Every structure is written in structure tokens, then in C-alpha cells.
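> Dropping the structure in here first, questions after.
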Amino acid sequence: MGLAALIVFLSSLFLGLLSLVVLVWSALGVLRTVRYGYKDLRSWSEFIRGYLEDLRAVAEAMEERARSISSHASAVREGVDDIQDTLEELRDHPLLRASRFAARFRRRQAFRA
Numbered sequence: 010m011g012l013a014a015l016i017v018f019l020s021s022l023f024l025g026l027l028s029l030v031v032l033v034w035s036a037l038g039v040l041r042t043v044r045y046g047y048k049d050l051r052s053w054s055e056f057i058r059g060y061l062e063d064l065r066a067v068a069e070a071m072e073e074r075a076r077s078i079s080s081h082a083s084a085v086r087e088g089v090d091d092i093q094d095t096l097e098e099l100r101d102h103p104l105l106r107a108s109r110f111a112a113r114f115r116r117r118q119a120f121r122a
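Quick note: the sequence shown uses our numbering, first residue 10, plus one each step.
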């Protein structure tokens, strides 16, 4: 009876030790998987960070371009306003009024003849 109890005790001790070795082996596998996952995540985060920096640079370039277009449009608007002012001044100029009067007078003369 003592020998059977000793065999059962030693076999359970051996199985416990074997279970501990299997547990450590599995933990090492999990640790390796986590380490590879971290490396993969780090490379993806660097890729996304670079992509976001590129997007930020493109957004700044687009903002600068829009600002340039806006300033150019305001300069064109000022030029158009100057042209309109000049045309209004020319329309009211006495020589231009006299030439319009002469043109109407000539048309009436041509129509009567």
C-alpha cells in the first residue's frame, strides 16, 4: 500500500511539474506573439504618423494656395473697380458727350437725306 501511495504521489508531483513547464512554454509563446504584435503595431503607427504628416503638409499647401487665390481675386476685383470708375468718368466727359451729340446729329441728317 505504501508503494502505491508513493507512486501516486510522485506521479502527481511529476504531472504538476509537467503542467508548470507547459504553462511556462505557453506563456513564452504568448509573450512572443505580444512582442511581434507590438513591433507590427509600431510600424503601422509610424506609417500612419507619416501619412498624417503628409496630409497636414497638403492641407497647409492647399490653405496657402487658397490664400494666394483670394489675394489675387481681391487684386483683380480692385482692378475691375478701377476700370469701372474710369469708364464712368469717360462716360461723363464733355468731349465724349459732344461726340455722341454729333453722332446723333449725323444719323438724323443721314436719315432725312
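Yeah, the Cβ is synthetic: ideal placement off N, Cα and C, and Gly gets one too. Just so you know, these numbers come straight off a predicted model, no measurement behind them.
1) Could you tell me the distance, in whole angstroms, from the CA atom of E62 to the CA atom of Y45?
2) Just reading off the alpha helix (DSSP H) that M71 is part of, what are its end residues?
3) Under 8 angstroms by Cβ, that's how I've got L99 and L105 pegged, so tell me the actual separation to the nearest angstrom.
4) From D94 to S54, what distance separates their C-alpha atoms?
Inspection of the coordinates gives the following:
1) Translated into the one-based positions of the sequence shown, residue 62 becomes position 53. Translated into the one-based positions of the sequence shown, residue 45 becomes position 36. Rounded to the nearest angstrom, the two C-alpha atoms are 26 angstroms apart.
2) Along the sequence shown, one-based indexing puts residue 71 at 62. Note, M71: alpha helix (DSSP H), 11–100.
3) Your numbering for residue 99 matches position 90 in the sequence shown. Your numbering for residue 105 matches position 96 in the sequence shown. Separation of the CB atoms of L99 and L105 is rounded to 6 angstroms, and the pair is thereby assigned contact status at 8 angstroms.
4) Within the sequence shown, the letter at position 85 stands for residue 94. Within the sequence shown, the letter at position 45 stands for residue 54. Whole-angstrom Cα-Cα distance: 59 angstroms.
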